[in-house]
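Below: one structure, written as structure tokens.
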Amino acid sequence: MRLTVMLSKIAKFSTDYSNLPESYIKRAMRQVYWEAPRDLPQYLPITLEKKKFRYTMNRPWTEEFRRQNLSRRKKVFVEPLKEWTFFRGDRVEVLVGKDKGKIGLVSQIIEERNWVVVEGLNVHYRWIGKTDDYPGTVIQSEAPLLVTNEVALVDPSDDKGTKVEWRYTEQGEKVRVSKRTGHIIPVPISASETIDFKTKAGYPEQEKDTRAADISEHTYIPQSKTFEMDLMEHYRLE
């Protein structure tokens with residue numbers, strides 16, 4: 001399959017957990033090289049800014065991500081996927097490395113790079129703060145795994161890794177189905193969790209939130225009237 005560069009658009013599933021507005025994420029990512037003055041008519045409205053980004057484990061709205069994209073870096077080619085099939089909370093089997101054959105839960109998704117992070121597996125260790133007088137501290141971190149060939153979803157019918165595809169039930173519901181057994185693999189409830197709430201129904205309303213009752217209130221009832229008829233009714237004319 002032809003490889004393509006996928007570095008200009010942030011993916012949906014990677015940002016759902018943050019629960020941040022898309023406009024804020026775009027504003028935080030923006031890196032402007034030059035922008036024409038807006039108050040001078042002799043200048044065209046031209047803006048030169050960074051269009052392609054190198055996505056990493058650091059999320060696009062963080063300062064670490066900005067620093068990683070300041071200088072020119074080698075292009076990363078990402079294999080395009082027709083449909084995304086992995087979600088946070090999925091049980092997956094590791095297919096490579098020292099943890100090959102082990103099963104764990106997906107804790108993070110980096111869809112822009114076709115990565116998932118499996119909780120407690122594919123762990124790397126590194127030393128930080130080492131000096132002549134101090135041995136340093138060991139930090140443990142989970143390295144990402146490619147969804148294309150390094151992890152596989154676990155079929156709940158036999159607890160073995162399998163390839164999956166999206167299908168529709170007789171009721172029109174879109175579900176993931178194991179290609180090996182035909183068993184449905186449900187999307188975990190934790191896939192809809194965010195940093196602010198476990199479920200949408202359990203989210204506590206804050207002071208600056210629009211109340212659900214105000215949103216559901218009917219404030220306009222459409223009617224088949226002409227403009228003139230509306231005026232006559234407003235001024236009580238017959």
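Sequential numbering of the sequence shown, starting at 1, is according to full-length UniProt numbering. A virtual CB, placed ideally from N, CA and C, is assigned to each residue, including glycine.
Can the beta-carbon of residue i be found closer than 9 Å to that of residue j?
i      : j      : result
Ser141 : Val118 : no
Gly104 : Ile189 : no
Arg180 : Thr169 : no
Tyr55  : Val32  : no
Asp16  : Ser192 : yes
Ser14  : Ile128 : no
Pro153 : Val92  : The residue asked about is misnamed: residue 153 is Leu in this sequence, not Pro. Yes, these two residues count as a Cβ contact at 9 Å.
Met29  : Arg72  : no
Ser178 : Val164 : yes
Asn149 : Val106 : no
Ser18  : Thr194 : yes
Leu40  : Val147 : no
Lys51  : Asn69  : no
Phe86  : Val151 : yes
Should residue i go down as buried or exposed, given a rule of 16 or more other Cβ atoms within 10 Å for buried?
i      : result
Thr131 : exposed
Leu145 : buried
Trp115 : buried
Ser23  : exposed
Ile139 : exposed
Met6   : Because Met6 sits at a pLDDT of 45, beneath the cut-off of 50, its placement in the model cannot be relied upon, and the point is left open.
Asp230 : exposed
Asp155 : buried
Glu112 : buried
Leu121 : buried
Ile185 : buried
Pro60  : buried
State the Cα-Cα distance for the pair residue i and residue j, rounded to the nearest angstrom.
i      : j      : result
Thr4   : Phe53  : Unreliable positioning characterises Thr4 in this predicted model, as indicated by a pLDDT of 48, which lies under 50. The coordinate reading is nonetheless provided below. Approximately 14 Å between the Cα atoms of the pair.
Glu207 : Lys74  : 46 Å
Leu44  : Pro37  : 9 Å
Val175 : His183 : 10 Å
Trp84  : Gln42  : 47 Å
Met1   : Glu79  : Unreliable positioning characterises Met1 in this predicted model, as indicated by a pLDDT of 45, which lies under 50. A coordinate reading is not provided.
Glu64  : Asn58  : 6 Å
Lys102 : Ala143 : 15 Å
Lys160 : Gln171 : 28 Å
Glu173 : Trp166 : 10 Å
Ala11  : Thr47  : 24 Å
Tyr203 : Asp209 : 11 Å
Arg236 : His218 : 24 Å
Lys26  : Glu238 : 55 Å
Trp34  : Gln108 : 35 Å
Ile221 : Ser157 : 51 Å
Asp133 : Lys100 : 38 Å
Lys98  : Arg126 : 17 Å
Taking only beta-carbon atoms, is residue i less than 9 Å away from chain D?
i      : result
Glu111 : No chain D is present in this structure, which holds just one protein chain.
*Three-pair Cβ contact test at 8 Å for the region 185–201 versus the region 209–219*: no
*Just list the alpha helix (DSSP H) runs in the region 108–181, keeping only unbroken ones of 4 residues or longer that don't cross its boundaries, in chain order.*
none
_Secondary structure, alpha helix (DSSP H): runs of 4+ residues fully inside the region 32–113_ = 63–68
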